[in-house]
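Chains C and W, in that order, are what the protein sequence lines are. Per our numbering, the very first residue in the first sequence carries number 183; after that it's consecutive. Per our numbering, the very first residue in the second sequence carries number 48; after that it's consecutive. Data first, discussion second: the structure below is written as structure tokens.
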Amino acid sequence: MNEAPTPAPDAVTLERVSVRYGRVPAVEAVDLSLRPGELHVLLGESGCGKTTLLRALAGFEPLSEGRMTIAGAVVDDAGGRARRVPPERRNVGVVFQDYALFPHLSVAANVSFGGRGARRADVTPLLEQLGLGDVLDRMPEALSGGQQQRVALARALAQRPALLLLDEPFSNLDPGRRLTVRRLTEAAVRDRAVTALLVTHDVDEALELADRLSVMHKGRLAQTGSPTALYFEPVNEQVALALGPADFVAATAEASGAGHPASAVCALGRVALRGACRSGRLMIRPEQLGVTAVDGSPTPAHVRARRFRGAWMELELSPLVAPELVLTARVPVHLDPGTERVGLDVLSPCALVP
Amino acid sequence: MSNGLDNLRQHPLLHLAGVLIALACLLPIVWLLWIGLGPGADEVAAVLRRPSTLQVVWRSLWLAAVVGGFAVAVSLPLAWLVHATDLPGRAVWRTLLVLPLAIPSYVTGFVVVGLFDASGPATRVLTQLGLAGFDPWSSGGALLALSFLYPLALLPAQAALQRVGPAQWEAARSLGATPSRAFLTVVLPQLRAALAGGFIVVALYVLSDFGAVSLLRVETLSYGVYQRYRVPTGRMDAVGYALLLAALAVALVLLWQLMRGRIHAGSARDAVARPWPVVPLGRWRWPALAFCLVLTAWSLVLPVAVVVFWLVRGLRQGQALDGVVAETAATLVYSGVAALLAVALALVPALLARHGSPRLTRAVRMGAHAGYALPGIVVALALVFFATRWAGALYQTAAMLLFAYLLRFLPLAMQAVTDGVEGTSPRLVEAARCAGCSPQIAWLRVLAPAVLPALLAGFAVVFLSTIKELPATLLLRPLGVETLATRIWSLTSDAWFARAALPVLVMLVLAVGLMLLHPAIRRRDP
Numbered sequence: 183m184n185e186a187p188t189p190a191p192d193a194v195t196l197e198r199v200s201v202r203y204g205r206v207p208a209v210e211a212v213d214l215s216l217r218p219g220e221l222h223v224l225l226g227e228s229g230c231g232k233t234t235l236l237r238a239l240a241g242f243e244p245l246s247e248g249r250m251t252i253a254g255a256v257v258d259d260a261g262g263r264a265r266r267v268p269p270e271r272r273n274v275g276v277v278f279q280d281y282a283l284f285p286h287l288s289v290a291a292n293v294s295f296g297g298r299g300a301r302r303a304d305v306t307p308l309l310e311q312l313g314l315g316d317v318l319d320r321m322p323e324a325l326s327g328g329q330q331q332r333v334a335l336a337r338a339l340a341q342r343p344a345l346l347l348l349d350e351p352f353s354n355l356d357p358g359r360r361l362t363v364r365r366l367t368e369a370a371v372r373d374r375a376v377t378a379l380l381v382t383h384d385v386d387e388a389l390e391l392a393d394r395l396s397v398m399h400k401g402r403l404a405q406t407g408s409p410t411a412l413y414f415e416p417v418n419e420q421v422a423l424a425l426g427p428a429d430f431v432a433a434t435a436e437a438s439g440a441g442h443p444a445s446a447v448c449a450l451g452r453v454a455l456r457g458a459c460r461s462g463r464l465m466i467r468p469e470q471l472g473v474t475a476v477d478g479s480p481t482p483a484h485v486r487a488r489r490f491r492g493a494w495m496e497l498e499l500s501p502l503v504a505p506e507l508v509l510t511a512r513v514p515v516h517l518d519p520g521t522e523r524v525g526l527d528v529l530s531p532c533a534l535v536p
Numbered sequence: 048m049s050n051g052l053d054n055l056r057q058h059p060l061l062h063l064a065g066v067l068i069a070l071a072c073l074l075p076i077v078w079l080l081w082i083g084l085g086p087g088a089d090e091v092a093a094v095l096r097r098p099s100t101l102q103v104v105w106r107s108l109w110l111a112a113v114v115g116g117f118a119v120a121v122s123l124p125l126a127w128l129v130h131a132t133d134l135p136g137r138a139v140w141r142t143l144l145v146l147p148l149a150i151p152s153y154v155t156g157f158v159v160v161g162l163f164d165a166s167g168p169a170t171r172v173l174t175q176l177g178l179a180g181f182d183p184w185s186s187g188g189a190l191l192a193l194s195f196l197y198p199l200a201l202l203p204a205q206a207a208l209q210r211v212g213p214a215q216w217e218a219a220r221s222l223g224a225t226p227s228r229a230f231l232t233v234v235l236p237q238l239r240a241a242l243a244g245g246f247i248v249v250a251l252y253v254l255s256d257f258g259a260v261s262l263l264r265v266e267t268l269s270y271g272v273y274q275r276y277r278v279p280t281g282r283m284d285a286v287g288y289a290l291l292l293a294a295l296a297v298a299l300v301l302l303w304q305l306m307r308g309r310i311h312a313g314s315a316r317d318a319v320a321r322p323w324p325v326v327p328l329g330r331w332r333w334p335a336l337a338f339c340l341v342l343t344a345w346s347l348v349l350p351v352a353v354v355v356f357w358l359v360r361g362l363r364q365g366q367a368l369d370g371v372v373a374e375t376a377a378t379l380v381y382s383g384v385a386a387l388l389a390v391a392l393a394l395v396p397a398l399l400a401r402h403g404s405p406r407l408t409r410a411v412r413m414g415a416h417a418g419y420a421l422p423g424i425v426v427a428l429a430l431v432f433f434a435t436r437w438a439g440a441l442y443q444t445a446a447m448l449l450f451a452y453l454l455r456f457l458p459l460a461m462q463a464v465t466d467g468v469e470g471t472s473p474r475l476v477e478a479a480r481c482a483g484c485s486p487q488i489a490w491l492r493v494l495a496p497a498v499l500p501a502l503l504a505g506f507a508v509v510f511l512s513t514i515k516e517l518p519a520t521l522l523l524r525p526l527g528v529e530t531l532a533t534r535i536w537s538l539t540s541d542a543w544f545a546r547a548a549l550p551v552l553v554m555l556v557l558a559v560g561l562m563l564l565h566p567a568i569r570r571r572d573p
């Protein structure tokens, strides 16, 4: 993480933002700020309110409470003094989940609509970069799904938006195409240093793309931070599991002297700690566990199940000292001794989760 | 895959039925063409060359164009208001504004003459204001009576708006378009094909209309057919007019088919129909509401008011409440039988499609639709001539009348039944077969319950149409039989408005009531 030496003013701020439909809350008291040029990912399961939050930023849902600014200007303060800015005056580009291309307009006309009627020459470099140079005169229905997605992106970028919103932009693509389009999208967004908020339920996508990541759960933001921070030091079990499988083991933190790294004691012995939290249960990701031959290992474990997953072997293990505890390990296939009992190792520092 | 010959061997009766239906549906048009191009060619050619014929054609097209234009002009704002804006009570408006479609044109004709006749309520008001009365027996009167057709343009406009979907509206707004620019550049261009389609459908209905133009004595092609048919020496004139009318109708249908391809082009994308974001009307809220109110007052409240006016006046003058029980019974019986037969026959092409005879299926459907495209008066005239020349025993029998109803409305049943049968997966029957059912049992226990709603829908739509049918009933009904439609028509023609009021009321209740039960109307959006 390269932190800027002097923090620039935030590109987007949300202060205690709530959106309710009647009395049903969709978004509750969300605080969030986006730094200029960052690609921020909002991760959550469907129905958690992430799309509602995006629509509120675009100006399609009025806030019930709170305040929202884009590029320093208040766009909505929930019926307060500032007038709500209509979508067309926010300069926010949106890539819709179903793309919402105008079916009666050619690719070029769709994209220059985004450029507020920009001339074709102005949008050509953008289209070239996105590999759309030779479909300019086609109609949207004649394009593949991946091409449609890129046209939608080009249209949103052509208006040089102060904020780019991407609503599950890759979810309608088949898995083979998804990775290429994702890389292409990321390059186009980063080249222009545009502040972007991407909403997704795909963990892979979120971890790979995000400068910073927010996990949303039942209308509230659970945690915001760098992908590594959220992955290894989640603030609660929900965030931990939202980013991937994990096991939780009761542990006691040890007081650390000066110069000694912090550690905790649990059924797996002494484990090095990371993060600031000093109480709770130890969170262990499957790939943080290693196995060895059982002879001479301080923590022998019983193998309850063994599943071949191609790139790795998945083992379900119970330490002999705590047979009720079940842990999952993912190890490279050639490192699995293949025996009924194995030795268990924690390979990297783990965090305590309250 | 099995080939056609195997299917024929397996289902010989089904195939025979299919061939017979296709041939029967083509009977009227083939018969007319044969007369017009064969034995009567010279006389028909003379009719077509007459200058007065050109005038009648011109009047028909003019009326069709003006009513079509009115319908489109009204439908565009209405569709937008009830679909995309925060118009108060828009779900209710969505139902109310479509209801005038249920009112048959001879009832709207009754409303117009009932209002503007010398003794009508509107004439009285106009006279008291010192204004000249309005002559309802004119093209202007026909325009008023046919203005009730506007929902035919409103429905496709609404459907198109639904297909455009809110996502594109939002995309345009986020790209910097004001509401009016988003409407003009993104929404309107995509409604154009649907609006043109609506215009054509309305024009086709106006061209085919018999009820209103005959009551208002406006000589269009379809009323002209009837007038000439009534004159013993004018029968070949009638054939000439009918052929002209049929040609125009078929041309419009073909045009509409072309449009339909464009209407649906590129619309499959927005699979999830989301409700529109509500566009605030602001200070336009009340004018918009007034617009809807005026239209509803004209097209729903006024007909009822005119009927009640004449009913009350009739009662005051000691008019007997007659002419309704026998007529209603006859109407319901004929319509019920016709609808049952239509559903049964509609199963034939649906099953043919299922059992893999695509060519014959297509032939049956095209034949049936050819019958449907023909104006009612043309079908009726062809059958009268056919029966008097070749099947005298059938002329003015119940069988002939039912045959005419089937010719006119079989495609309606076919549409509903085919949708239902095609909506069920062939896997359904296969699953039942695997579970040990014979084909017949599988049909009975699995497919029949699954398609029953479609059969009921097919029944309902044919029933409703037959209740309202006028021209074929007028020409082909057995001696002594009167239906509500013929009673209303003849009483109104003879200016017995007070006596016509009760049958009209019964017709309104039946037609609007059935329409309200219709699933397409009942369905509201989420």
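The C-beta atom is built at its ideal place from N, Cα and C for all residues, glycine as well. All values derive from a computational prediction rather than experimental measurement.
Start and end residues, alpha helix (DSSP H) containing residue i
i: Ile514/W; result: Ala495 to Lys515
i: Ala434/W; result: Gly423 to Trp437
i: Arg364/C; result: Pro357 to Asp373
i: Met562/W; result: Phe544 to Leu564
i: Ile150/W; result: It is not in any alpha helix (DSSP H) - Ile150/W carries neither H nor E in the DSSP assignment.
i: Thr530/W; result: Where Thr530/W is concerned, there is no enclosing alpha helix (DSSP H), given that its DSSP letter is neither H nor E.
i: Tyr419/W; result: Pro405 to Ala420
N-terminal and C-terminal residue of the beta strand (DSSP E) that residue i is part of
i: Leu380/C; result: Ala378 to Thr382
i: Leu346/C; result: Leu345 to Asp349
i: Thr510/C; result: Leu509 to Val513
i: Met321/C; result: No beta strand (DSSP E) contains Met321/C, which DSSP labels as neither H nor E.
i: Leu455/C; result: Gly451 to Arg456
i: Arg463/C; result: Arg463 to Ile466
Coil, strand or helix - residue i by DSSP
i: Cys339/W; result: helix
i: Cys72/W; result: helix
i: Phe356/W; result: helix
i: Pro482/C; result: strand
i: Pro501/C; result: strand
i: Gly520/C; result: coil
i: Glu217/W; result: helix
i: Arg107/W; result: Here the sequence assigns Ser to residue 107/W, which means Arg is not the residue at that position. Correct three-state label for Ser107/W: helix.
i: Glu374/W; result: helix
i: Ala493/C; result: coil
i: Ser166/W; result: coil
i: Ala533/C; result: strand
i: Asp317/W; result: Note that Asp317/W scores a pLDDT of 45, beneath 50, so its modelled location is shaky; the value from the coordinates is reported in the next line. It is coil, neither helix nor strand.
i: Val265/W; result: coil
CB contact below 8 Å: residue i versus chain D
i: Phe284/C; result: Of the chains in the structure shown, none is chain D; the protein chains are C and W.
Identified DSSP bridge partners for residue i
i: Val528/C; result: Leu471/C
i: Met461/W; result: None, per the DSSP bridge assignment.
i: Ser445/C; result: Glu436/C and Ala454/C
i: Ala487/C; result: Glu498/C
i: Leu67/W; result: Note: Leu67/W sits in no beta bridge, so no partner.
i: Val194/C; result: Leu216/C and Ile252/C
Supposed contact pair residue j and residue i - C-beta distance, whole angstroms, cut 8 Å
i: Tyr413/C; j: Leu391/C; result: Going by Cβ atoms, the distance from Tyr413/C to Leu391/C rounds to 14 Å, so no, they are not a contact pair.
i: Gly258/W; j: Leu517/W; result: 5 Å
i: Arg342/C; j: Phe352/C; result: Contact flag wrong, Cβ pair sits at about 23 Å.
i: Asp182/W; j: Pro327/W; result: Between Pro327/W and Asp182/W the Cβ distance is about 45 Å, and since that is not below 8 Å, they are no contact.
i: Ala547/W; j: Thr539/W; result: 5 Å
i: Ser200/C; j: Glu247/C; result: 4 Å
At 3 residues or longer, and completely inside the stretch 375 to 434 of chain C: list those beta strand (DSSP E) runs for me, N to C. 378 to 382, 394 to 399 and 402 to 407
Where are the beta strand (DSSP E) runs, 3 residues long or more, that stay fully inside the stretch 199 to 276 of chain C, in chain order? 206 to 216, 221 to 225, 247 to 252 and 255 to 258
Can you give, in chain order, each stretch of the alpha helix (DSSP H) that sits fully within the stretch 90 to 143 of chain W and has at least 4 residues? Runs found: 98 to 131 and 137 to 143.
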